[in-house]
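K.L.:
Okay, so the sequence shown: first residue is 238 according to the working numbering, each after it adds one.
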Amino acid sequence: MSNSQLALRSVNVTRYVTPLREGGSMPAIAEADDGFLYVLKFRGAGQGLKALIAEIIGGEIARKLGFKVPEIVFATLDEAFGRTEPDEEIQDLLRASEGLNLALHYLSGAITFDAVVTTVDARTASQIVWLDCLLMNMDRTARNTNMLIWHKELWLIDHGASLYFHHSWQNWEEQALRPFVLIKDHVMLSRAEELEAVDREFRTLLSPELIRSIVALIPEEWLKDDAFETTQAHRKAYEQFLITRTAHSEIFVKEAQNARKVLI
């Protein structure tokens, strides 16, 4: 499949299985009409559609850079789900999320990554740090790694807290050129010894064409924002932010290297 033909599958949610209450946005395990279980992320949750957009962009960029990421699908939630749920909090969430949501394939039996138990090589650590600097992902700390071990392989999950500037879009052009200072808390930073080599590799892989094809996955109905006159302008802003940030990746790479020197 070429970059211009990227697409996400669509499923219909058929059964709400159980909430995952450890997540701030209270995602849930749900079954879809294809027979698979998914981690369902709701448009009606606290961060709303912004978190779903960040999930698409972050997850699909990670996949294209070679990381293992659970399949991301669009998941339609019928209005009937909110009527039968006995828990009022969940019922409100379901009713606020009728329509198009996002879901990730559920990795049954996966265990949370623990840096004390599992050693990651310097190359992989550097790749993950580079990715999270690009995405401004604040959610890959020792307290909350958002990584899983499944079938003895490392999987990246939950990029919904990335691109946090888009909750206001204030000075977003300047944000694209800023270092990511929160990288100092990254769980992989101490092992990220090969950032310069990874930077050369990933800048080549993450072309403007690829970025545009990933941003094109965002549904039109999710791009209605008072900060932009049109949905086209909103989509273009995501494209330009990522293209600019990738082109000037030496800014966030230097910040990561400096933070690593302090750490070790």
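No residue lacks a Cβ here, since even glycine has one placed at the ideal position from N, Cα and C.
Note that the structure is predicted; figures quoted are calculated from it, not measured.
(1) Could you tell me how far apart the beta carbons of residue 347 and residue 430 are, in whole angstroms, since I believe they sit closer than 8 angstroms?
(2) Give every residue of the same chain whose Cβ lies closer than 6 angstroms to the Cβ of residue 239, excluding the five residues on either side of it in the sequence, and list them in chain order.
(3) Considering residue 276, what are the terminal residues of the beta strand (DSSP E) in which it resides?
(4) Using a Cβ-Cβ cut-off of 7 angstroms (strictly less than) and excluding sequence neighbours within five positions of residue 344, which residues of its own chain qualify?
(5) If the criterion is Cβ atoms closer than 7 angstroms, does the pair residue 411 and residue 339 meet it?
(6) Within the region 311-395, note down every full alpha helix (DSSP H) run reaching 4 residues or more, in order along the chain.
(7) Is the region 267-277 touching the region 464-484 in the sense that three or more CB pairs, one from each, lie closer than 8 angstroms?
(8) My guess is that residue 378 and residue 424 are in contact by the Cβ rule of under 8 angstroms, so how many angstroms apart are they, rounded?
(9) Can you give me the C-alpha to C-alpha distance between residue 488 and residue 434, rounded to a whole angstrom?
(10) Between which two residues does the alpha helix (DSSP H) holding residue 467 run?
(11) Apart from the five residues on each side of it in sequence, which residues of its chain come closer than 7 angstroms, Cβ to Cβ, to residue 476?
(12) What does the alpha-carbon distance come out to for the pair residue 418 and residue 265?
(13) Quick check on DSSP: helix, strand or coil for residue 423?
(14) Using alpha carbons as the reference points, say which of 281, 305 and 253 lies closest to residue 390.
(15) By DSSP, does residue 461 sit in helix, in strand, or in coil?
(16) Please confirm whether residue 426 and residue 366 have their CB atoms less than 7 angstroms apart.
(17) What does DSSP give as the partner residues of residue 247 in its beta bridges?
(18) What residue range is occupied by the uninterrupted beta strand (DSSP E) comprising residue 299?
(19) If I follow the unbroken beta strand (DSSP E) through residue 265, where does it start and stop?
(20) Can you have a look at residue 327 and say buried or exposed, based on whether 16 or more other CB atoms are within 10 angstroms of its CB?
(21) Whose C-beta lies closer than 7 angstroms to the C-beta of residue 268 among residues of the same chain, with five residues either side of it excluded?
(22) Apart from the five residues just before and just after residue 499, which ones in its own chain have a Cβ nearer than 6 angstroms to its Cβ?
P.N.:
This is what the structure gives:
(1) As a first step, residue 347 must be located in the sequence shown, where it is residue number 110. As a first step, residue 430 must be located in the sequence shown, where it is residue number 193. Rounded, the Cβ-Cβ distance is 27 angstroms, inconsistent with contact.
(2) Indexing the sequence shown from 1 puts residue 239 at position 2. Reliability fails at residue 239, whose pLDDT of 49 lies under 50, so the model's placement of it is uncertain and the value that follows must be treated cautiously. There are no such residues.
(3) Within the sequence shown, numbered from 1, the residue matching residue 276 stands at position 39. Looking at the DSSP string, the run of the beta strand (DSSP E) that includes residue 276 is 274-278.
(4) Start at 1 with the first residue of the sequence shown, and residue 344 comes out as number 107. Excluding positions up to five away in sequence, the list reads 307, 385, 387 and 392.
(5) For the purposes of this step, residue 411 is taken as residue 174 along the sequence shown, with counting starting at 1. For the purposes of this step, residue 339 is taken as residue 102 along the sequence shown, with counting starting at 1. Cβ atoms of residue 411 and residue 339: not closer than 7 angstroms.
(6) 318-321, 325-333 and 359-372
(7) no
(8) As a first step, residue 378 must be located in the sequence shown, where it is residue number 141. As a first step, residue 424 must be located in the sequence shown, where it is residue number 187. Going by Cβ atoms, the distance from residue 378 to residue 424 rounds to 6 angstroms, so yes, they are a contact pair.
(9) Here residue 488 refers to the residue found at position 251 of the sequence shown. Here residue 434 refers to the residue found at position 197 of the sequence shown. The alpha-carbon atoms of residue 488 and residue 434 are separated by roughly 15 angstroms.
(10) What you label residue 467 is simply residue 230 of the sequence shown in a count that begins at 1. Premise fails: residue 467 is in no alpha helix (DSSP H) and is neither H nor E.
(11) Numbered from 1 along the sequence shown, position 239 holds the residue referred to as residue 476. So the qualifying residues of the chain are 448, 449 and 452.
(12) Taking the first residue of the sequence shown as position 1, residue 418 is located at position 181. Taking the first residue of the sequence shown as position 1, residue 265 is located at position 28. For residue 418 and residue 265, the distance between alpha carbons rounds to 32 angstroms.
(13) Within the sequence shown, numbered from 1, the residue matching residue 423 stands at position 186. Residue 423: strand per DSSP, three-state reduction.
(14) Residue numbering aside, residue 390 sits at position 153 when the sequence shown is read from its first letter. The candidate whose alpha carbon is nearest that of residue 390 is 305.
(15) Start at 1 with the first residue of the sequence shown, and residue 461 comes out as number 224. In the structure shown, residue 461 sits in coil (DSSP, three-state: anything other than H, G, I, E or B).
(16) Translated into the one-based positions of the sequence shown, residue 426 becomes position 189. Translated into the one-based positions of the sequence shown, residue 366 becomes position 129. Yes; because the gap between Cβ atoms is below 7 angstroms, this pair is in contact.
(17) Here residue 247 refers to the residue found at position 10 of the sequence shown. In the DSSP output, where bridge partners are listed per residue, residue 247 has 311.
(18) Translated into the one-based positions of the sequence shown, residue 299 becomes position 62. Segment 285-301 is the alpha helix (DSSP H) holding residue 299; no beta strand (DSSP E) there.
(19) Locating residue 265 in the sequence shown gives position 28, where the first residue counts as 1. Counting along the chain, the beta strand (DSSP E) containing residue 265 begins and ends at 265-269.
(20) Numbered from its first residue, the sequence shown carries residue 327 at position 90. By the 10 Å Cβ count, residue 327 comes out buried.
(21) The count along the sequence shown starts at 1 and reaches residue 268 at position 31. For residue 268, where only same-chain residues beyond five positions count, the Cβ hits under 7 angstroms are 251, 252, 254 and 274.
(22) Numbered from 1 along the sequence shown, position 262 holds the residue referred to as residue 499. If we look at residue 499 and ignore the five residues flanking it on each side, it has no Cβ neighbours.
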